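Here is the structure we will look at, set down as structure tokens.
2 protein chains.
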Amino acid sequence: METNRILCLGKLCVDIIAECEDFPQEDSDQRCKRQRWQRGGNANNTSTVLSILGAPVEYLGTIANSHELGFLRDDYQRAGIIIDNCVIVDNCSCPVSLVLLSSVSGSRTIIHDSGSLPELTHKDFQVDLGSYAWVHFEGRPSAAEQVKMLRDIDNHNADLEENDRITTSVELEKNRPVLAQLIDKADYVFISKDYAKAHGFYSKEDAVEGFVDKVREGATVICAWGEDGACAKPKGEPTISVPAISPGTIIDTLGAGDTFNAAMIHALCKGAVLQSALTFACKVAGEKCGMKGFSGLRYTDLSFEAESDGSSSGSK
Amino acid sequence: METNRILCLGKLCVDIIAECEDFPQEDSDQRCKRQRWQRGGNANNTSTVLSILGAPVEYLGTIANSHELGFLRDDYQRAGIIIDNCVIVDNCSCPVSLVLLSSVSGSRTIIHDSGSLPELTHKDFQVDLGSYAWVHFEGRPSAAEQVKMLRDIDNHNADLEENDRITTSVELEKNRPVLAQLIDKADYVFISKDYAKAHGFYSKEDAVEGFVDKVREGATVICAWGEDGACAKPKGEPTISVPAISPGTIIDTLGAGDTFNAAMIHALCKGAVLQSALTFACKVAGEKCGMKGFSGLRYTDLSFEAESDGSSSGSK
Numbered sequence: 001m002e003t004n005r006i007l008c009l010g011k012l013c014v015d016i017i018a019e020c021e022d023f024p025q026e027d028s029d030q031r032c033k034r035q036r037w038q039r040g041g042n043a044n045n046t047s048t049v050l051s052i053l054g055a056p057v058e059y060l061g062t063i064a065n066s067h068e069l070g071f072l073r074d075d076y077q078r079a080g081i082i083i084d085n086c087v088i089v090d091n092c093s094c095p096v097s098l099v100l101l102s103s104v105s106g107s108r109t110i111i112h113d114s115g116s117l118p119e120l121t122h123k124d125f126q127v128d129l130g131s132y133a134w135v136h137f138e139g140r141p142s143a144a145e146q147v148k149m150l151r152d153i154d155n156h157n158a159d160l161e162e163n164d165r166i167t168t169s170v171e172l173e174k175n176r177p178v179l180a181q182l183i184d185k186a187d188y189v190f191i192s193k194d195y196a197k198a199h200g201f202y203s204k205e206d207a208v209e210g211f212v213d214k215v216r217e218g219a220t221v222i223c224a225w226g227e228d229g230a231c232a233k234p235k236g237e238p239t240i241s242v243p244a245i246s247p248g249t250i251i252d253t254l255g256a257g258d259t260f261n262a263a264m265i266h267a268l269c270k271g272a273v274l275q276s277a278l279t280f281a282c283k284v285a286g287e288k289c290g291m292k293g294f295s296g297l298r299y300t301d302l303s304f305e306a307e308s309d310g311s312s313s314g315s316k
Numbered sequence: 001m002e003t004n005r006i007l008c009l010g011k012l013c014v015d016i017i018a019e020c021e022d023f024p025q026e027d028s029d030q031r032c033k034r035q036r037w038q039r040g041g042n043a044n045n046t047s048t049v050l051s052i053l054g055a056p057v058e059y060l061g062t063i064a065n066s067h068e069l070g071f072l073r074d075d076y077q078r079a080g081i082i083i084d085n086c087v088i089v090d091n092c093s094c095p096v097s098l099v100l101l102s103s104v105s106g107s108r109t110i111i112h113d114s115g116s117l118p119e120l121t122h123k124d125f126q127v128d129l130g131s132y133a134w135v136h137f138e139g140r141p142s143a144a145e146q147v148k149m150l151r152d153i154d155n156h157n158a159d160l161e162e163n164d165r166i167t168t169s170v171e172l173e174k175n176r177p178v179l180a181q182l183i184d185k186a187d188y189v190f191i192s193k194d195y196a197k198a199h200g201f202y203s204k205e206d207a208v209e210g211f212v213d214k215v216r217e218g219a220t221v222i223c224a225w226g227e228d229g230a231c232a233k234p235k236g237e238p239t240i241s242v243p244a245i246s247p248g249t250i251i252d253t254l255g256a257g258d259t260f261n262a263a264m265i266h267a268l269c270k271g272a273v274l275q276s277a278l279t280f281a282c283k284v285a286g287e288k289c290g291m292k293g294f295s296g297l298r299y300t301d302l303s304f305e306a307e308s309d310g311s312s313s314g315s316k
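Sequence lines, in order, name chains Z and C. Going letter by letter, the first sequence gives residues 1 to 316 in the UniProt record's numbering. Going letter by letter, the second sequence gives residues 1 to 316 in the UniProt record's numbering.
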């Protein structure tokens, strides 16, 4: 049985992206150059990048039994992401974002319909924990349910040798007060720039130093800050900072943070030390910004192998 | 075997409609009140209304084997429209219109992706003509192919008694020069206000009088002109005009012309004289303008029965 799978939990969304010459005038009737669909949501994007990086990955969440279902199933399959434990929910609508891209101005206008798809509950968390090396949570308004799932994982870990335990991570991205209860429930805590700024922190170092007191013993806070790079701080240890790695021309930053998280999880899963993992994650996120979507990452040399002793590592 | 079916041919489109509080600011990220999908395209809308009016109706066209297919199949089934002869085309994209509705201004902004779905060809026109009482064509850029289909129907009719013949109609809506070749190939020719204006006619009467010379012997030109009502002129006979019938409050005029055409076809199929058919069609189109979409027409008293002698009729 596979025991090294990475499980990502979050909320699924479909992005319907219209590539327009320019942003439309109100009440006009115009043609766009192209429309395309993209599976979205933070944990979904992270799953996609993990799969591209070569990790065995599963997504767990609710999926609406709506017109988008066929597209989503195909897309998960194309991406090589397992969805066997997902809950298909009847009589609800999928969250959808209409995204209007303007070639002229470079703007990205989003019209979001949050749909009526319910969040995954603790009752839905019916998985064989023995299959997973890592479980990652996109912090959701249903954080109280996610806390119960994290408790299940802690209970599962309690009887195991350190090497056999599941590592956990949570992402605090949107400024929702309800997410605060997740901060001391996982081994790695990803803090977004937006979340940090909403809490009064204006640099990545201030952010990790400000939040590290709230995480549990042995846990690490990680914060990526766009073109200012990223840093991480294990509780009681010094902060490690690394610079961003620019792709040259910025093409599309949508999902860059989710890409960073995927690359961090992948490298840490492979046994990388924090500094190597951060450097690798900044490299992958930088590459992503230089391309539309994620699939081009397949053709970039981004393999990551931990060095043999497992205590140090490097990207090659 | 059923012999009284109405067949409608055209191009299929999906409308993704976002009901917004206001038209979005460029580069903003906002929520909308609701998104909904609607099957669109002129002949599709006409089919929908024919089915609601109680006519046995079939749609014939190409359908993309794309993410929208599941929705479309369900929607045709819900609408009671037969699609058994449609051609499902792989590796192409469905025409999609994103429609942004603003509650504040009442505006309707359309961003259309024409997709890569091919038009139906004469080779695809593999139907048992014995099943149909009426065949209606939405004039398409592929008009030359539609001319061949109309010729097949004329050949089929040539050996039949008058009562057993298929009646044909064409709709000239968009100002495309290629549509002109259809005008003398059908029994009824629907001219849109836009098409008429593009040809220099500024009233419904001017339009039917201007176009009637171009139709074939025994054929009739019909023209609806929004709040100015509708008129019809059989070749060599006087023009008949009827006023519009207002629903009181105008809610949604999208597809009002397609509704008018459906009601005309339905009434004429039932043996109505032209004046009764026009009056009935203006009534149904007016009702449609007073509601969102078409489905509310189900709950309106719009039944139409021809009088017994078949030479005159009335809406009741």
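Note that the Cβ used here is the ideal one computed from N, Cα and C, for glycine as well. Please read these numbers as outputs of a predicted model, since none were measured by experiment.
With a cut-off of 9 Å, does the C-beta of residue 109(C) fall near any C-beta of chain Z? Locating residue 109(C) in the second sequence gives position 109, where the first residue counts as 1. Answer yes: the Cβ-Cβ gap between residue 109(C) and chain Z drops below 9 Å somewhere.
Counting only beta-carbon separations shorter than 9 Å, does residue 96(Z) have a partner in chain C? Here residue 96(Z) refers to the residue found at position 96 of the first sequence. Yes, its Cβ sits closer than 9 Å to a Cβ of chain C.
For chain C, find out if any of its Cβ atoms is closer than 9 Å to the Cβ of residue 112(Z); answer yes or no. Residue mapping note: residue 112(Z) aligns to position 112 of the first sequence, counting from 1. It does: the Cβ of residue 112(Z) has a partner Cβ on chain C nearer than 9 Å.
So what's residue 148(Z) in DSSP terms, helix, strand or just coil? Reading the first sequence from its first residue, position 148 is the one you call residue 148(Z). Residue 148(Z) falls in the helix class under three-state DSSP.
Which residues, in order along the segment 17 to 37 of chain C, keep a beta-carbon less than 7 Å from a beta-carbon of chain Z? 18, 20, 23, 24, 26, 27, 28, 29, 30, 31, 32, 34, 35 and 37
Who are the near neighbours of residue 54(C) in its chain, counting only those whose CB is closer than 6 Å to its CB and skipping five residues on each side? Counting from 1 along the second sequence, the entry for residue 54(C) is found at position 54. Here the set comprises nothing.
Test: residue 136(Z) CB closer than 9 Å to a CB of chain C: Sequence index remark: in the first sequence, residue 136(Z) carries index 136 (1-based). The beta-carbon of residue 136(Z) is placed no less than 9 Å from the nearest beta-carbon of chain C.
Name the one or two DSSP bridge partners that residue 135(C) has. As a working mapping, residue 135(C) is identified with position 135 in the second sequence. DSSP, once it has assigned bridges, lists 7(C) and 168(C) as partnering residue 135(C).
Quick one: is residue 262(C) buried, meaning 16 or more other Cβ sit within 10 Å of its Cβ, or exposed? Here residue 262(C) is taken as the residue at index 262 of the second sequence, counted from 1. Answer is buried; the Cβ neighbour count reaches 16.
Tell me which residue opens and which closes the alpha helix (DSSP H) that residue 276(C) is part of. Here the question's residue 276(C) lines up with position 276 in the second sequence. Counting along the chain, the alpha helix (DSSP H) containing residue 276(C) begins and ends at 274 to 289.
Can you check whether the C-beta of residue 67(Z) is within less than 9 Å of a C-beta belonging to chain C? Your numbering for residue 67(Z) matches position 67 in the first sequence. Yes, its Cβ sits closer than 9 Å to a Cβ of chain C.
With DSSP run on the structure shown, which of helix, strand or coil describes residue 259(C)? Counted from its first residue, the second sequence places residue 259(C) at position 259. Three-state result, residue 259(C): helix.
Establish whether the CB of residue 258(Z) and some CB of chain C are separated by less than 9 Å. By 1-based counting over the first sequence, the position of residue 258(Z) is 258. Not one chain C Cβ lies under 9 Å of residue 258(Z).
Going by the DSSP bridge assignment, what does residue 189(C) pair with across the sheet? For this step, residue 189(C) is matched to residue 189 along the second sequence. For residue 189(C), which the question treats as bridged, DSSP gives the partners 170(C) and 221(C).
At the 9 Å Cβ level, is residue 103(C) part of the contact set with chain Z, yes or no? Translated into the one-based positions of the second sequence, residue 103(C) becomes position 103. Residue 103(C) does not count as touching chain Z.
Inter-residue spacing [alpha-carbon to alpha-carbon] between residue 11(Z) and residue 268(C): Position 11 of the first sequence, counted from the start, is the residue given in the question as residue 11(Z). Position 268 of the second sequence, counted from the start, is the residue given in the question as residue 268(C). Near 53 Å, if we compare the C-alpha coordinates of residue 268(C) and residue 11(Z).
Could one say the Cβ of residue 93(Z) lies closer than 9 Å to chain C's Cβ atoms, at least one of them? Position 93 of the first sequence holds residue 93(Z). Yes, contact with chain C.
Starting from residue 304(C), find everything on chain Z with Cβ-Cβ shorter than 7 Å and list it in chain order. Translated into positions along the second sequence, residue 304(C) becomes position 304. Going along chain Z, no residue has its Cβ under 7 Å from residue 304(C), so there is no contact; the nearest lies around 33 Å.
Please determine if the segment 81 to 89 of chain C and the segment 47 to 65 of chain C are in contact, where contact requires at least 3 C-beta pairs separated by less than 8 Å. yes
Residue 137(Z) versus residue 48(Z): straight-line alpha-carbon distance, rounded: Taking the first residue of the first sequence as 1, we reach residue 137(Z) at position 137. Taking the first residue of the first sequence as 1, we reach residue 48(Z) at position 48. Each residue's Cα considered, the two are about 15 Å apart.
Ignore the nearest five residues each way along the sequence and tell me which others in residue 119(C)'s own chain have a CB closer than 6 Å to its CB. Within the second sequence, the letter at position 119 stands for residue 119(C). Within the same chain, residue 119(C) has close Cβ partners 140 and 142.
What did DSSP end up calling residue 59(Z) once you bin it into helix, strand or coil? Taking the first residue of the first sequence as 1, we reach residue 59(Z) at position 59. Residue 59(Z) falls in the strand class under three-state DSSP.
Is residue 72(C) helix, strand or coil when you go by DSSP? Stepping through the second sequence from its first residue, residue 72(C) is reached at position 72. It is helical.
Does the segment 6 to 26 of chain C come within contact of the segment 91 to 109 of chain C, defined as at least 3 CB pairs closer than 8 Å? yes
Is the beta carbon of residue 92(Z) closer than 9 Å to that of residue 117(Z)? As a working mapping, residue 117(Z) is identified with position 117 in the first sequence. As a working mapping, residue 92(Z) is identified with position 92 in the first sequence. For the pair residue 117(Z) and residue 92(Z), the CB atoms are nearer than the 9 Å cut-off.
If we count the other Cβ atoms within 10 Å of its Cβ and call it buried at 16 or more, is residue 250(Z) buried or exposed? Numbered from its first residue, the first sequence carries residue 250(Z) at position 250. With fewer than 16 other Cβ atoms within 10 Å, it is exposed.
Chain-order list of residues whose beta-carbon lies under 6 Å from that of residue 187(Z) (same chain, five-residue window excluded): Within the first sequence, residue 187(Z) is the residue found at index 187, counting from 1. Cβ neighbours of residue 187(Z) beyond the five flanking positions: 167, 168 and 219.
Under 8 Å Cβ-Cβ, which residues of chain Z neighbour residue 226(C)? Here the question's residue 226(C) lines up with position 226 in the second sequence. Correct list: empty, because the minimum Cβ distance to chain Z is about 17 Å.
Ends of the alpha helix (DSSP H) at residue 206(C)? Within the second sequence, the letter at position 206 stands for residue 206(C). Residue 206(C) -> alpha helix (DSSP H) spans 204 to 211.
Kindly indicate the opening and closing residues of the alpha helix (DSSP H) around residue 52(Z). One-based indexing of the first sequence puts residue 52(Z) at position 52. First-last of the alpha helix (DSSP H) with residue 52(Z): 42 to 52.
Name the DSSP beta bridge partners of residue 317(C), please? Outside the displayed span of chain C (1 to 316) sits residue 317(C), for which this structure offers no information.
DSSP three-state assignment for residue 161(C), whether helix, strand or coil: Within the second sequence, the letter at position 161 stands for residue 161(C). Reduced to three states, the DSSP call for residue 161(C) is coil.
List the DSSP bridge partners of residue 241(C). Position 241 of the second sequence holds residue 241(C). Answer is 231(C).
Output yes if chain C places a C-beta closer than 9 Å to the C-beta of residue 307(Z); else output no. Your numbering for residue 307(Z) matches position 307 in the first sequence. In this prediction, residue 307(Z) scores a pLDDT of 45, lower than 50, which makes its location untrustworthy; the coordinate-derived value is nonetheless stated afterwards. Answer no: the Cβ-Cβ gap between residue 307(Z) and chain C never drops below 9 Å.
For residue 172(C) and residue 201(C), which I take to be in contact (beta-carbon distance under 8 Å), what is that distance rounded to the nearest angstrom? If you number the second sequence from 1, residue 172(C) lands on position 172. If you number the second sequence from 1, residue 201(C) lands on position 201. The pair is not a contact, with the Cβ atoms about 12 Å apart (cut-off 8 Å).
Compare the beta carbon distance of residue 259(C) and residue 285(C) with 9 Å and say whether it is the shorter of the two. For the purposes of this step, residue 259(C) is taken as the residue at position 259 of the second sequence. For the purposes of this step, residue 285(C) is taken as the residue at position 285 of the second sequence. It is a contact, given that the beta carbons lie within the stated cut-off.
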